[in-house]
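First the structure, in the form of structure tokens, and then the observations on it.
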Amino acid sequence: MVRNFLYRSETLLQPHDLEFRVILEQARSRNSNMAITGYLHWEDGIFHQWVEGPEAELRIVERCISESRSHYGQTILSRDAVSTRQFPGWHMALGVSEKNSLFNFVATQGVRTLDRTEYAAGVLAFMRAQSEPTSPF
């Protein structure tokens, strides 16, 4: 069984900031060592991140995310246990709004953002629709 969670938070970091790149590379390294996969999308100062993996390791990653000073206002949108991963092989894919807009996707799909379950499903659908994550570096 694979556990997962999706959260939203706000940040002052920009994708081209050195701190942003350092945090991303540290997360990718940690995730690789802990069998964690997922997808991080940055758009207009907002992170949406899907994280999945073994339960014990996922708890460690969630604690690291919640204690990070690189973002604030973290809101868990969904949490689940499933039999398969959504993003196998992506230790932390990165998408940025410069290429694909989550906000436009949600609007054109008619996703109700006030319904947390529907919004989470819309965010995951957007992430899954990205054939290749973008990376500004």
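Residue numbers (our numbering): 1 to 137.
C-beta atoms are modelled at their ideal positions from N, C-alpha and C, and glycine is treated no differently.
Note that the coordinates shown come from a computational prediction; the quantities given were computed from them, not determined experimentally.
Bridge partners - residue i, DSSP secondary structure assignment
i	result
G73	Paired residue(s): none; G73 is not in a bridge.
Q49	Y7, L40
G95	H41
Coil, strand or helix - residue i by DSSP
i	result
L124	helix
F137	With a pLDDT of only 42 at F137, under 50, the local geometry of the prediction cannot be trusted, and no value is derived from it.
V2	strand
S29	helix
S83	coil
S78	strand
Nearest-angstrom Cα separation, counted from residue j out to residue i
i	j	result
R85	F103	24 Å
S15	D44	The sequence shown places Pro at residue 15, not Ser. Between P15 and D44, the C-alpha separation is close to 10 Å.
E19	Q26	11 Å
Y119	N33	31 Å
G89	W50	14 Å
Q130	D80	22 Å
A35	V61	11 Å
W42	S83	27 Å
A121	G38	15 Å
Candidates the options, of which the one nearest residue i by Cα
i	options	result
G53	Y72, R30, W42, T113	R30
E55	L18, V2, N33	V2
K99	G89, I23, M127	M127
L124	F87, I65, Y72	F87
I46	L94, Q74, A93, S9	S9
I76	H48, V22, T108, G110	H48
C64	G95, Q109, I23	I23
L13	Q74, R69, F5, L6	R69
Close Cβ partners of residue i (< 6 Å) along its chain, the five nearest in sequence each way excluded
i	result
L58	R3
R112	E118
S97	E43
Own chain partners of residue i with C-beta closer than 7 Å, once the 5 adjacent residues on each side are dropped
i	result
F105	F126
M92	L24, A27, R28, N31, G38, L40
Residue-chain proximity (residue i, chain C), Cβ-Cβ < 7 Å
i	result
S78	The displayed structure is made up of one protein chain only, and chain C is not part of it.
Own chain residues within Cβ distance below 8 Å of residue i, not counting five before or after
i	result
Y72	S9, E10, T11
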